[in-house]
Each structure stands twice: as structure tokens, then as C-alpha cells.
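Visitor: The structure's right below; bear with me while I get my questions together.
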Amino acid sequence: MGRNSKSKGLSRRQFITRAGTGAVGSYVLFPALGKAETKNLSDNDPQQKYLLGDNPLSLSVNGKNIKTKVRGNTTLVELLRDHLNLTGTKVACNNGECGSCSVLLDGKVVYSCHMLALDAQGKSVTTVEGLMDGNKLSVVQQAFIEKDGLQCGFCTPGQVMAATALLSKNPHPTKDEVKEGMSGNFCRCGAYPKIIDSVLTAAEKLNS
Amino acid sequence: MKRDIENHVTGISKFVDDFPTLDGTLEAYLFYSEKAHAEILNIDYASALKSEGVADILTANDIPGENQIGGIIKDEMLFAEHEVEFIGEPIALVIADTKENAKKASNKIVVEYKDLPVVTDPREAYEKGLLIRPPQIFSGGDVDSAWSGCDVVVEGKVDSGGQEHLYLETQASYAVPTDSGLKIYSSTQSPTVVQRTISNVLNIPMHRIEVDVLRLGGGFGGKEDQATIWAVLSALAAYKLNRPVKLVLSRMDDLKITGKRHPYSSDYKIGLSKDGKILAYEVTFYQNAGAFADLSTAILERTLFHAANCYAIPNVKATGISCKTNLPPNTAFRGFGGPQGMFVIEAALHKAADVMGIDVDILQQKNLIADNDVYFYGQKVENAQAVNSWQTADEKFNLDKLKKEVRNFNEQNERFKKGFAVMPISFGISFTNSFLNQASALVHVYTDGSVGVSTAAVEMGQGVNEKIIEVCSRTFSISKNRIKIETTNTTRIANTSPTAASTGADLNGNAAKIACDNILERLKIIAAQELNAKDSEKLSIENEQVYLEGQETDLGWDELIQAAYLSRTNLSSHAYYATPDIYFDRDKNIGSPFAYHVYGTSFITVTVDCLLGIYKFDSVKIVHDFGKSLHRLIDLGQAEGALAQGIGWMTMEELVQSANGELKSNTLSTYKIPDIYSVPDEVIIEFLENSENRFGPFNSKAIGEPPFMYGIGVYFAILNAMKSFDPNLELFYNAPITPEKVLLALYPEVKV
Ligand code: FES
Ligand code: FES
Chain A
0 MGRNSKSKGL
10 SRRQFITRAG
20 TGAVGSYVLF
30 PALGKAETKN
40 LSDNDPQQKY
50 LLGDNPLSLS
60 VNGKNIKTKV
70 RGNTTLVELL
80 RDHLNLTGTK
90 VACNNGECGS
100 CSVLLDGKVV
110 YSCHMLALDA
120 QGKSVTTVEG
130 LMDGNKLSVV
140 QQAFIEKDGL
150 QCGFCTPGQV
160 MAATALLSKN
170 PHPTKDEVKE
180 GMSGNFCRCG
190 AYPKIIDSVL
200 TAAEKLNS
Chain B
0 MKRDIENHVT
10 GISKFVDDFP
20 TLDGTLEAYL
30 FYSEKAHAEI
40 LNIDYASALK
50 SEGVADILTA
60 NDIPGENQIG
70 GIIKDEMLFA
80 EHEVEFIGEP
90 IALVIADTKE
100 NAKKASNKIV
110 VEYKDLPVVT
120 DPREAYEKGL
130 LIRPPQIFSG
140 GDVDSAWSGC
150 DVVVEGKVDS
160 GGQEHLYLET
170 QASYAVPTDS
180 GLKIYSSTQS
190 PTVVQRTISN
200 VLNIPMHRIE
210 VDVLRLGGGF
220 GGKEDQATIW
230 AVLSALAAYK
240 LNRPVKLVLS
250 RMDDLKITGK
260 RHPYSSDYKI
270 GLSKDGKILA
280 YEVTFYQNAG
290 AFADLSTAIL
300 ERTLFHAANC
310 YAIPNVKATG
320 ISCKTNLPPN
330 TAFRGFGGPQ
340 GMFVIEAALH
350 KAADVMGIDV
360 DILQQKNLIA
370 DNDVYFYGQK
380 VENAQAVNSW
390 QTADEKFNLD
400 KLKKEVRNFN
410 EQNERFKKGF
420 AVMPISFGIS
430 FTNSFLNQAS
440 ALVHVYTDGS
450 VGVSTAAVEM
460 GQGVNEKIIE
470 VCSRTFSISK
480 NRIKIETTNT
490 TRIANTSPTA
500 ASTGADLNGN
510 AAKIACDNIL
520 ERLKIIAAQE
530 LNAKDSEKLS
540 IENEQVYLEG
550 QETDLGWDEL
560 IQAAYLSRTN
570 LSSHAYYATP
580 DIYFDRDKNI
590 GSPFAYHVYG
600 TSFITVTVDC
610 LLGIYKFDSV
620 KIVHDFGKSL
630 HRLIDLGQAE
640 GALAQGIGWM
650 TMEELVQSAN
660 GELKSNTLST
670 YKIPDIYSVP
680 DEVIIEFLEN
690 SENRFGPFNS
700 KAIGEPPFMY
710 GIGVYFAILN
720 AMKSFDPNLE
730 LFYNAPITPE
740 KVLLALYPEV
750 KV
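Chains as they are written, first to last, in numbering that gives the first Met the number 0: chain A, 0 to 207; chain B, 0 to 751.
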């Protein structure tokens with residue numbers, strides 16, 4: 000899928016271990032693990048503290064500096080939606096499979112359900128709420144409106160983020176490159192032809 | 000007025016899980032059966048009740064009213080008591096301070112089960128007499144005596160698999176206690192069904208329950224009946240605990256618990272004359288209903304109505320058997336049983352053509368239904384566009400040339416083979432339960448000239464809101480920016496029919512149009528007074544300006560509304576629409592249940608890699624009957640999206656259950672839905688010209704479901720490609736035709 004969401008600080012394996020041992024919160028991530036036996040860790044066990052305790056986190060979200068405290072197993076999308084009330088980012092699978100939760104991390108698109116909030120430490124996150132320039136829609140947003148690149152709108156924030164990342168990396172994509180760049184984002188309404196149109200139109204606008 | 004679409008791209012749009020919650024909101028988690036069929040011997044809630052953060056655990060004992068949520072047939076309990084009949088059947092509801100705590104507590108509930116036999120196959124259920132209701136037979140002519148007059152008779156078996164809706168927004172509800180009852184924010188296609196079912200379960204009157212629907216993140220039928228239970232559960236908890244309660248399903252639970260498109264297994268027999276006229280068709284559908292009726296019987300009926308697709312067949316007998324199995328109750332999904340019926344007749348024709356040694360499109364074309372024919376269940380054909388769309392498609396895309404290109408390609412290539420198929424469709428519009436074909440609208444014109452519109456329609460991506468805005472803006476002749484569509488709310492619009500059966504824009508658009516016309520009439524009287532005109536008939540509004548006998552006056556919309564208000568004119572209207580002239584006699588199974596039919600023809604080309612079994616969709620060229628489209632961009636999007644889902648159903652979307660009824664394809668990595676690469680390289684959708692439709696607002700036609708059925712053609716295109724690789728291929732009709740199935744069929748000698 001050409002994504003780079005796994006290489007941030009924690010390996011996927013470590014991540015599973017952490018999320019799994021804590022049980023708390025793990026159900027959202029790995030429902031099957033919700034039932035796993037929980038190791039009884041004492042309160043001052045460092046791993047337990049990391050998982051459940053308040054870990055300082057500072058990052059920038061949509062240009063604003065945020066200083067907060069999170070549990071070790073809080074995912075980035077939980078931070079965005081539940082702590083910061085940025086509900087524009089959607090969760091459809093919570094399992095790194097659909098792209099609905101796509102956000103930009105230092106300009107690269109990542110699945111925010113599939114990485115820990117703490118892995119965004121010191122980084123800059125952009126969500127769909129951060130794309131507008133004042134009252135002005137971004138070119139990608141405009142193109143999605145113009146070309147009707149959506150139906151129910153649930154996948155749309157993710158699509159718009161993926162398109163934004165794609166065009167910043169490759170301002171002159173071919174149709175095939177658009178497909179590749181957008182292939183990590185499902186749209187169950189099947190708006191794909193118009194999504195492709197939207198991205199190509201945005202590219203045109205950006206280049207003119 | 001900011002449009003929905005603008006809110007979607009900026010992240011402002013809210014879905015149920017995005018709503019800010021009130022202080023004191025609790026979270027609910029469903030504890031459900033892990034067995035497909037078992038007796039419940041004992042349940043121990045003790046340690047779950049002590050679990051951190053738990054507010055309560057509700058069971059059947061906590062229901063003040065009826066422990067029953069069945070709609071058409073009352074066979075489905077809200078909470079199981081003594082027996083469970085599918086994995087995912089609700090047993091108890093855990094309510095806690097957080098989702099995590101609710102889920103953790105539910106893991107501490109211990110149930111002792113005694114296993115009972117599990118049935119997942121509809122034919123096996125039939126053998127065992129496990130039926131949802133007695134078989135239903137639709138017939139026209141006399142099949143039994145027709146066989147002897149046929150030159151060719153072909154019989155066979157056809158299977159089609161289920162399909163997971165995978166609406167990206169999972170099932171969700173938020174219930175809030177109010178002074179007088181409850182307010183429910185639900186992601187449902189059927190606000191009134193939610194309201195009625197809650198009323199029944201809580202034993203309080205419907206007027207104490209307000210259901211509000213802002214929008215859905217996809218529905219596709221999956222939230223027609225199956226959104227109800229989540230709303231009821233959250234309502235029960237909110238009512239009992241007097242606290243707001245939210246219930247949002249995780250994807251995995253949603254996949255596991257909720258019903259899907261019905262799998263069907265069917266037997267057909269088709270008889271034709273030498274020159275390719277279909278003389279007789281007999282078909283028996285074994286529908287896999289799952290554990291409870293849900294909408295299965297209505298869905299099965301639509302299968303029967305569409306058993307002959309767009310073909311005129313003098314003798315037809317179609318039998319529908321709804322079989323009870325130990326799977327989650329299957330439910331509505333775009334097409335509502337129609338696609339399952341149409342796949343079988345297309346398979347029958349495909350097989351017959353093979354036996355007769357001719358191209359199937361010759362048979363298809365020869366039998367297209369036309370005006371003055373009769374659909375075999377008794378509906379006279381009017382305004383048929385089957386021939387017209389076929390011919391138009393041929394003119395535009397050149398059928399012979401496409402077929403020839405495929406033949407040439409196949410002569411020159413060994414490993415890669417192309418396949419071609421035509422898929423013509425005819426899909427009936429109206430709820431087949433005639434009483435559901437009603438809608439109302441409430442239109443307010445405010446003193447500043449802005450307009451608010453409420454209807455029963457639920458927006459779920461199909462663009463119904465935009466279409467109703469279009470209807471109101473055309474009727475008043477005012478800017479769309481002045482018009483706002485309100486949420487779908489049972490206190491503003493009572494007794495709503497589900498937004499389903501593709502009828503949302505027709506029914507609600509017509510109701511909104513009548514409401515606007517009512518107000519317009521009153522406004523014209525005021526305008527006549529203002530302009531000292533004698534006859535309000537001679538007045539019209541164009542582009543927000545009043546015209547008198549075709550001459551523009553200086554009276555504009557804003558002034559007109561002001562004048563109307565000051566002279567005490569009613570600027571609101573509540574209007575009602577019911578589809579005229581439809582009926583169906585359920586004793587005789589004869590009637591005219593549809594307001595009209597939607598037609599179209601698609602030409603489909605695919606390429607199969609006969610070494611690997613994989614394929615790609617080269618092109619889908621369609622001429623579709625949109626009527627006079629209300630909104631071309633939305634209609635095109637609907638057609639493209641429906642096509643994608645149809646292709647998905649026929650090719651890649653495969654539900655896998657183990658023998659004990661457990662869903663194995665329970666993630667997006669094991670259940671494959673169309674991604675951006677599944678879009679055919681070339682999709683051309685042309686609007687059929689000159690199609691009129693007196694039942695649709697401004698002559699438009701319904702769009703949601705019909706184009707789904709174009710996807711069926713992909714199955715046959717793939718099969719045809721395989722056949723040119725291996726002329727001895729044993730034809731099989733068992734959708735989805737996954738790459739795995741293609742490969743195994745091409746190399747039958749290879750054992751796996
Ligand atoms: S919600 Fe994150 S990938 Fe699906
Ligand atoms: S617009 Fe509905 S899922 Fe993409």
C-alpha cells in the first residue's frame with residue numbers, strides 16, 4: 000500500500016505486545032486480544048505505568064502546539080477524536096485496513112488508527128480540519144466538490160488526506176499513479192471514478 | 000447555505016459517533032452468543048457486574064414491554080432467553096462508564112451452553128423443514144404444458160453468495176432521556192421502524208420517542224432493518240438508567256453480528272423454440288434467510304418479481320422458499336433479492352445458448368420485453384425501454400465490433416483471454432408492500448425568504464437531499480442556496496417509510512413538490528394583490544422574480560415573502576404523496592405492484608489471465624434509463640457505485656463461514672471489497688434519451704439499485720473468457736467467481 004505507518008518508533012510486534020498486555024483499549028485495536036489473559040502487573044511496573052499512566056506528549060496538530068498526557072496504548076486517532084475533539088478523522092475498521100483514518104504525519108500519509116499517539120511525539124500532524132487556509136478550501140477539497148468525488152462522505156476525509164499527500168509528493172500524477180496513491184483508501188459507495196477525477200483535477204489546478 | 004458536500008471535505012459533517020456527548024453519557028456493549036445454535040443452561044453475571052465502571056447489565060428481564068423486534072414476522076427476540084440461534088444473537092447489554100470497561104465486563108460473563116445441531120445450508124434447512132414461512136409461488140401461463148412444445152430444454156443449478164454491506168460507518172445509536180421520553184440519534188434508514196420498535200419494547204407510546212437522523216455513512220439496505228436493534232438497545236438502557244447511552248459497533252462485531260445479502264441456491268429449467276424464443280421458465284429459489292425473518296420474505300418476493308429479468312416469457316413458474324439457518328438474519332442489500340433472481344435467468348440463458356451453440360446475446364435480445372407484453376405476475380408493460388436501451392447501446396458502442404475485437408484478441412493470445420457479455424436489466428420501482436409507498440414533507444418559508452424542508456428521506460450518500468433541494472428550487476424557481484434540508488425526524492415527519500427500494504427521491508421529492516406548490520399558490524394570490532393583477536393564474540416566478548403574463552415585474556422573492564407574511568399568509572405546508580395505481584393481490588400473487596420499471600443495457604469486456612486465474616475489467620459500457628435526470632452528476636455517481644458493488648458481489652466478495660456457523664472472513668483483509676483498482680479501465684455511462692416518467696418528480700427515475708445488476712454481466716464475461724481458453728470447460732454458475740474458482744475450474748485435474 001506504499002504506506003509508512005509502521006516504522007515509527009515501535010515495531011508492529013512491540014505495539015501488539017503493549018496493546019495486548021494492557022487489555023485496556025486493546026479491544027478497539029485487536030478485538031480478539033480483548034479476551035486474552037491479562038498479566039497481573041503491579042502498579043509500579045514500568046510497562047504498566049507506560050500503558051495506563053500519563054505519558055507526556057507534545058506535538059503539533061494542524062499548526063497548533065499541543066501538550067498533553069496520554070496512556071501508552073492510546074492510538075493517534077483516539078487522541079485526535081476523543082481528546083482533541085477532531086472528529087473529522089473517521090474510524091471505519093480500526094485495524095489499518097481501510098484508510099478512513101488517514102492523516103498527515105510530517106507531511107506523509109499514515110493510518111492514525113494504526114499508530115500510537117506517543118509515536119507522534121514532536122511531530123506535526125495534519126487532519127482534514129487543518130487543510131483550509133482560513134475560510135478558503137484547499138485545492139484538493141475544491142476538486143472533490145467540483146467532481147463530486149464522494150457519496151456518503153464517510154471515507155472522504157481519508158481520501159482528501161491521501162490525495163493531499165500524493166500531490167505534494169507527485170504534483171503531476173498519471174491516472175495509474177493516482178490509483179496507486181489512493182489505493183490505501185476504500186470507498187464502499189464506490190465513488191472511485193469521481194475520486195480519480197477529483198485528484199486529477201486538483202493536480203491540474205495546482206499546476207496552473 | 001453550505002452544502003453537505005462541503006462539510007464532508009472539510010470534516011465538519013458529523014455522524015453518530017462524532018456527536019458531542021452529554022455529561023453523564025454511558026457506553027453500551029452487547030454481550031452476544033458465541034454459538035450458532037445452543038440451549039442456554041446457565042448465565043453467570045456475578046463477576047461482570049462487579050467489574051470496573053459497570054453501571055448495569057440488562058437482560059430479557061429488564062424489558063418493560065415485549066421482548067420482540069421482528070418486523071414482518073414476529074420471530075426475533077431482543078434478548079435470547081433459553082436458546083440461541085446464531086453467533087451474535089443478543090443475550091445481554093453491558094453498560095459502563097467507558098466502552099473499554101463495558102467490553103471488559105462482558106468478557107467476564109460466563110454462559111453454559113448445550114450445543115444443538117447447526118444448519119448453514121438453505122437446501123439442508125429445507126430438507127429438515129426449517130422454513131421462515133411456507134413457500135410462495137408466482138406464476139403466469141402454464142409451464143407444465145409448455146415443455147412439450149419446446150425444442151430445447153435445459154436444466155441446472157445456480158448459486159450466489161451473500162454480501163457484507165460494509166457501510167463504512169458501523170451501526171450506531173445514541174439515546175438521550177428527555178422530559179417526556181427519549182430522543183434517539185440513530186444511523187438508520189427507517190426512523191419510524193426504530194420509533195415503533197422502541198415503543199413496543201419499552202411499552203410507551205410512539206409520541207414519547209423522537210428519532211432523529213442526520214445522515215448515514217452508507218446504508219445499502221444494511222441499516223433498513225438492522226439499525227433498529229442498536230437503537231432499541233441504547234434506548235432501553237437510557238430509559239432504565241435515565242442516562243444518555245451510546246452504542247457504536249466495532250467493525251469486527253458489525254461484520255460478525257449483522258446480516259448480509261441473502262445467499263441463494265436455485266434450480267432452473269428453461270425451454271426455448273429453435274429460433275430462440277423463451278417459451279417456459281421454471282425456477283425454485285432456496286433463500287438462506289439466517290435465523291430470523293427480518294425482511295427475508297419481502298426480499299424473496301422481489302426475487303420472484305425479477306425472476307424473468309427484462310424478458311417476455313409466456314409461461315413462468317417461480318417458487319420462493321425462505322429457509323431458516325443458523326446464520327445472522329440476512330437482510331436488505333441494494334437490489335433486495337432482485338439481483339439473485341436475475342442472476343439465475345441469465346445463467347439459464349447462458350447455458351441454453353451454450354447448448355444451442357449460439358451467442359447468448361442473440362437469445363437475450365430476441366426476448367426483450369416490450370410495451371403491451373405482460374410481466375408474468377400480471378403487470379402490463381408500459382413505457383418499456385428494454386429494446387430502446389439495447390438498440391441505443393448497440394448504436395453507440397457497436398455490439399458486433401466489440402464481440403469481434405474479443406474474438407480477434409483471443410485468436411492471437413493464449414494465456415490471456417478476453418470475455419464479453421451483455422447485461423440488460425429491468426428493475427421494478429415501488430415497495431412491493433404497497434402501503435409503504437407514501438411520504439410526506441414539511442416545507443417552511445421563513446420571513447427572510449430562506450426555506451427549510453423536512454421529509455422522510457434519509458441521506459446516506461445517494462444524494463436524496465440534493466435532489467429534494469433541486470425539486471424545491473425548481474418548483475419555487477429560487478436559488479438552491481436558499482434551501483436547507485433538515486434532519487429526518489419523527490416529530491416533524493411522522494410515519495416515515497424506510498428510505499429504501501430506490502424510492503427515496505421519488506416519494507419524498509413528490510411530497511416536497513406538492514408542499515412547495517401549495518405555498519406557491521398562496522404566494523401567487525399575494526403577488527396578484529401586490530401587482531393589482533386580477534388573475535393569479537397569469538403569474539409565475541422565475542429566478543426569484545415575479546412575472547405577470549410573461550413580463551418581469553419588480554416584485555422579487557424577498558418582497559413577496561414579506562408581503563405574504565404581513566398579510567397573514569401561511570408560509571408553511573405539510574404535504575402528502577402516495578404512489579397511485581399500484582396494487583398486488585397476495586392471495587393470487589397477481590397485480591401491478593410497480594409504479595414503473597427502470598431499464599438499461601451494458602456491454603462488458605474482461606481479460607482473464609488463464610495461467611493465474613486473475614482477471615481485470617476492461618470496459619463497461621452502459622446505456623441507462625435515468626428518465627429525465629434530476630441531477631446528472633449524482634445519478635452518474637450512483638450508477639458507478641452500484642456497478643462497483645455489483646461487480647464486487649459477483650467476483651471478489653466472498654463470505655466464508657465454518658461449519659459451526661462462524662464467520663471466517665471477518666476483517667477487510669479477509670473479505671475483499673472493490674478498491675480503486677476494481678474500477679473497470681473504461682466506464683462509459685450514457686443517458687437514454689426521451690424516457691418519460693410520470694411517477695418521478697420532473698420525470699426523473701429512481702437510480703439507487705438498478706445499475707447494481709449490470710455487475711452480473713461480469714460473471715458471464717469471465718466465464719466466456721474461460722470458455723475460449725478451454726472450449727471443454729464445464730460451465731458453472733456459482734458466484735462469486737473468485738480468481739481461485741477460475742483457476743480451479745481451468746485446471747480441474749489439479750487437486751488441492
Ligand atoms: S480506520 Fe484506520 S485504516 Fe481503517
Ligand atoms: S463516499 Fe461513502 S464510503 Fe466513500
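We put the CB at the ideal spot given by N, CA and C, even for glycine.
Just so it is clear, the structure is predicted and the values come from calculations on it, not from any experiment.
For Gln-644/B, return the contacting residues in chain A, with the cut-off set at a CB-CB distance below 7 Å.
Guide: Within 7 Å Cβ-Cβ: Gly-189.
Visitor: Is it the case that the CB of Asn-93/A approaches a heavy atom of ligand 1 more closely than 6 Å?
Guide: Yes.
Visitor: With distances taken Cα to Cα, identify the nearest neighbour of Leu-117/A among Gly-71/A, Lys-66/A, Pro-156/A.
Guide: Of the candidates Gly-71/A, Lys-66/A, Pro-156/A, the one whose C-alpha sits nearest the C-alpha of Leu-117/A is Gly-71/A.
Visitor: May I have a chain-ordered list of the alpha helix (DSSP H) segments no shorter than 4 residues that lie completely inside the region 99 to 134 of chain B?
Guide: Counting whole runs of 4 or more residues, the region 99 to 134 of chain B contains the alpha helix (DSSP H) stretches 121 to 126.
Visitor: Closer than 6 Å to a non-hydrogen atom of ligand 1 - does that hold for the CB of Val-90/A?
Guide: Yes, the beta carbon of Val-90/A sits closer than 6 Å to at least one heavy atom of ligand 1.
Visitor: What residues of chain B sit near Val-138/A, judged by a beta carbon separation below 7 Å?
Guide: Neighbours of Val-138/A on chain B: none; closest Cβ ~11 Å, over 7 Å.
Visitor: Please specify which runs of the alpha helix (DSSP H), each continuous and at least 4 residues long, are wholly inside the region 237 to 268 of chain B, giving them in chain order.
Guide: For the region 237 to 268 of chain B, whole alpha helix (DSSP H) runs of length 4 or above, ordered along the chain, are 250 to 256.
Visitor: With burial defined as no fewer than 16 other Cβ atoms inside 10 Å of the residue's Cβ, what is the status of Leu-610/B: buried or exposed?
Guide: Exposed is the call here.
Visitor: Counting only beta-carbon atoms, is Pro-156/A nearer than 7 Å to chain B?
Guide: By this cut-off, Pro-156/A is an interface position.
Visitor: By alpha-carbon positions, which one of Phe-426/B, Asn-407/B, Leu-77/B, Ala-101/B ends up nearest to Gly-337/B?
Guide: Nearest option by C-alpha distance: Phe-426/B.
Visitor: So the beta strand (DSSP E) Leu-559/B belongs to, where does it begin and stop?
Guide: Premise fails: Leu-559/B lies in the alpha helix (DSSP H), 556 to 565, not in any beta strand (DSSP E).
Visitor: Does any heavy atom of ligand 1 sit closer than 6 Å to the C-beta of Tyr-575/B?
Guide: Checking the Cβ of Tyr-575/B against ligand 1 gives no.
Visitor: Nearest-angstrom Cα distance between Gly-121/A and Gly-258/B?
Guide: Going by the C-alpha atoms only, they are around 44 Å apart.
Visitor: Just how far apart, CA to CA, sit Lys-533/B and Arg-693/B?
Guide: If you take the alpha carbons of Lys-533/B and Arg-693/B, they lie about 32 Å apart.
Visitor: Check each candidate in Tyr-732/B, Gly-703/B, Glu-748/B, Leu-662/B and name the one with the smallest Cα separation from Met-251/B.
Guide: Considering only alpha carbons, the answer is Leu-662/B.
Visitor: Quick one: which unbroken alpha helix (DSSP H) runs of 4-plus residues sit fully inside the region 352 to 396 of chain B? Chain order, please.
Guide: The qualifying runs are 359 to 365, 385 to 396.
Visitor: Here's the rule I'm using: 16 or more other beta-carbon atoms within 10 Å means buried, otherwise exposed. How should Asp-158/B be labelled?
Guide: That one is buried.
Visitor: Does Asp-22/B come within less than 7 Å of chain A when only Cβ atoms are used?
Guide: No, because no Cβ of chain A sits closer than 7 Å to the Cβ of Asp-22/B.
Visitor: When you check each C-beta in the region 147 to 178 of chain A against every C-beta of chain B, which residues fall closer than 7 Å?
Guide: Against chain B - using a Cβ distance shorter than 7 Å - the residues of the region 147 to 178 of chain A are Asp-147, Leu-149, Gln-150, Cys-151, Gly-152, Phe-153, Cys-154, Thr-155, Pro-156, Val-159, Lys-178.
Visitor: Taking only beta-carbon positions, decide if Ile-675/B is within less than 7 Å of chain A.
Guide: Yes, because at least one Cβ of chain A sits closer than 7 Å to the Cβ of Ile-675/B.
Visitor: Helix, strand or coil for Glu-413/B? Go by DSSP, reduced to three states.
Guide: Three-state DSSP puts Glu-413/B in coil, outside helix and strand.
Visitor: Flag Ser-99/A as yes when its Cβ comes closer than 6 Å to any non-hydrogen atom of ligand 1, and as no otherwise.
Guide: Yes, the beta carbon of Ser-99/A sits closer than 6 Å to at least one heavy atom of ligand 1.
Visitor: Which term fits Arg-414/B, buried or exposed, when burial requires 16 or more other beta carbons within 10 angstroms of its beta carbon?
Guide: That one is exposed.
Visitor: Between the beta-carbon of Pro-170/A and the beta-carbon of Leu-205/A, is there less than 7 Å?
Guide: Cβ distance < 7 Å, so Pro-170/A and Leu-205/A count as in contact.
Visitor: Between the C-alpha atoms of Asp-608/B and Val-421/B, what's the straight-line distance to the nearest angstrom?
Guide: Whole-angstrom Cα-Cα distance: 21 Å.
Visitor: Just to confirm, are Asp-372/B and Ala-311/B a CB contact at a threshold of 7 Å?
Guide: The answer is yes: Cβ separation under 7 Å.
Visitor: Taking 6 Å as the cut-off, is the beta-carbon of Gln-461/B closer than that to any non-hydrogen atom of ligand 2?
Guide: No - ligand 2 has no heavy atom lying nearer than 6 Å to the Cβ of Gln-461/B.
Visitor: Glu-749/B: buried (16+ other C-beta within 10 angstroms of its C-beta) or exposed?
Guide: Note that residue 749/B corresponds to Val in the displayed sequence, not to Glu. Counting Cβ neighbours within 10 Å, Val-749/B comes out exposed, since fewer than 16 surround it.
Visitor: Along the chain, which unbroken stretches of the beta strand (DSSP E) at least 3 residues long are found entirely within the region 72 to 119 of chain A?
Guide: Entirely contained in the region 72 to 119 of chain A, the beta strand (DSSP E) runs reaching 3 residues are, in chain order, 101 to 104, 107 to 110.
Visitor: So, helix, strand or coil for Tyr-184/B, using DSSP?
Guide: Residue state, collapsed to three classes: strand.
Visitor: Give the list of continuous alpha helix (DSSP H) stretches no shorter than 4 residues that lie fully inside the region 439 to 515 of chain B.
Guide: Counting whole runs of 4 or more residues, the region 439 to 515 of chain B contains the alpha helix (DSSP H) stretches 463 to 475.
Visitor: Would you be able to state if there are at least three C-beta pairs under 8 Å between the region 96 to 109 of chain B and the region 301 to 311 of chain B?
Guide: With the cut-off at 8 Å, the region 301 to 311 of chain B and the region 96 to 109 of chain B do not touch.
Visitor: In chain order, what residues of the same chain have a beta carbon less than 6 Å from the beta carbon of Gly-24/A, not counting five sequence neighbours either side?
Guide: Confidence is the limiting factor: at Gly-24/A the pLDDT is only 31, short of 50, which leaves the residue's position unreliable and the question unanswerable from this model.
Visitor: Taking all protein chains shown into account, do 16 or more other C-beta atoms lie within 10 angstroms of the C-beta of Gly-23/B, making it buried, or fewer, making it exposed?
Guide: The residue in question, Gly-23/B, is exposed, as its Cβ has fewer than 16 Cβ neighbours within 10 Å.
Visitor: At a Cβ threshold of 7 Å, is Lys-68/A touching chain B?
Guide: No - not a single Cβ of chain B is within 7 Å of the one on Lys-68/A.
Visitor: Check for me: the alpha helix (DSSP H) holding Pro-176/B runs from which residue to which?
Guide: Pro-176/B -> not in any alpha helix (DSSP H); beta strand (DSSP E) instead, spanning 171 to 176.
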